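Asker: Have a look at the structure that comes next, please.
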Amino acid sequence: MTEPAIVLIGPMGAGKTSIGKRVAKQLGLRFADSDAAVVRAHGPIDRIFAEYGEPHFRELERAAVAEALRAGGVVALGGGAVLHPQTQRDLADHRVVLLTVSPHNVAARIRGGKRPLLADGDAIARWHEIYAARRPVYERLADVVFDTSTGPLQDVADALAAWLAGTAAAGPAGDTPATDSATTHPGETP
247 MTEPAIVLIG
257 PMGAGKTSIG
267 KRVAKQLGLR
277 FADSDAAVVR
287 AHGPIDRIFA
297 EYGEPHFREL
307 ERAAVAEALR
317 AGGVVALGGG
327 AVLHPQTQRD
337 LADHRVVLLT
347 VSPHNVAARI
357 RGGKRPLLAD
367 GDAIARWHEI
377 YAARRPVYER
387 LADVVFDTST
397 GPLQDVADAL
407 AAWLAGTAAA
417 GPAGDTPATD
427 SATTHPGETP
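So in my numbering, spot 56 of the sequence shown is number 302, and the numbers just go up one at a time.
This is how it looks when you write it as structure tokens:
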């Protein structure tokens, strides 16, 4: 394995891809997005869900995640990727960053998108339901939490890059507590 990857996890609309690209550029690392990898190899996610169902998508996603983790760099995972038990085990070898966002702030980010899990009914209510179910997994896996609800995403990317620089100087992930005001630790309310 190469250096441990920097893995961004969190709910739909938290900014994992946007922030991941910025952090990768700042640090001169490769960037991978598990959802984008699935789309490149297999087509649109909403079509995969419609034709083959969520379990099939999750297996395709698992393969994309495994490949991205092996390659290292900055990796943005789809919101549900952490549900796979093998992915949870694999993440123990990497630096895991949970990005959170409030339901109020996520509304504009997910409106009109092609997210199959939000296609039916009230998208915000469904988003909140999915996030509430996944939150314990996110928090258990995360080394640090950054909230993306307010302020420019670039500010979050800058704070994340600073945290990563601190953990690289200190050793393995988690050895140095984050001190930036944009950061909380798993279990705290962002």
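Note that the Cβ used here is the ideal one computed from N, Cα and C, for glycine as well.
Model, not experiment: these values are computed from the prediction.
1) Asp393 by DSSP, collapsed to three states: which one?
2) Would you tell me roughly how many angstroms separate the C-alpha atoms of Gly437 and Asp279, rounded to the nearest one?
3) Opposite Ile370 in the DSSP bridges: which residues?
4) I need the boundaries of the beta strand (DSSP E) containing Arg341, first residue and last residue.
5) What are the boundary residues of the alpha helix (DSSP H) that includes Ala282?
6) By a C-beta neighbour count over all protein chains shown, 10 Å radius and 16 as the cutoff for buried, is Tyr384 buried or exposed?
7) Got a sec? Which residues, its chain only, sit under 7 Å from His302 by beta carbon, not counting five neighbours each side?
8) Excluding the 5 residues preceding and the 5 following Ala270 in the sequence, name in chain order all residues of the same chain whose CB lies nearer than 7 Å to its CB.
9) By the three-class DSSP mapping on this structure, what secondary structure does Leu254 have?
10) How is the beta strand (DSSP E) around Val321 delimited, first residue to last?
11) Quick check: Ala345 and Ala260, are their CB atoms within less than 8 Å of each other?
12) With a 10 Å radius around its C-beta and 16 neighbouring C-beta atoms as the bar for buried, classify Arg308 as buried or exposed.
Answerer: Put simply:
1) strand
2) Nothing about residue 437 can be reported from this structure: the residues present for the chain run from 247 to 436 only.
3) Ile370 pairs with nothing; no bridge assigned.
4) Arg341 to Thr346
5) Ser280 to His288
6) buried
7) Ile294
8) Arg276, Phe277, Gly319 and Val320
9) strand
10) Val320 to Ala322
11) Sequence inspection shows Leu at residue 345; the Ala mentioned does not correspond to that position. In this structure, Ala260 lies closer than 8 Å to Leu345 by Cβ.
12) buried
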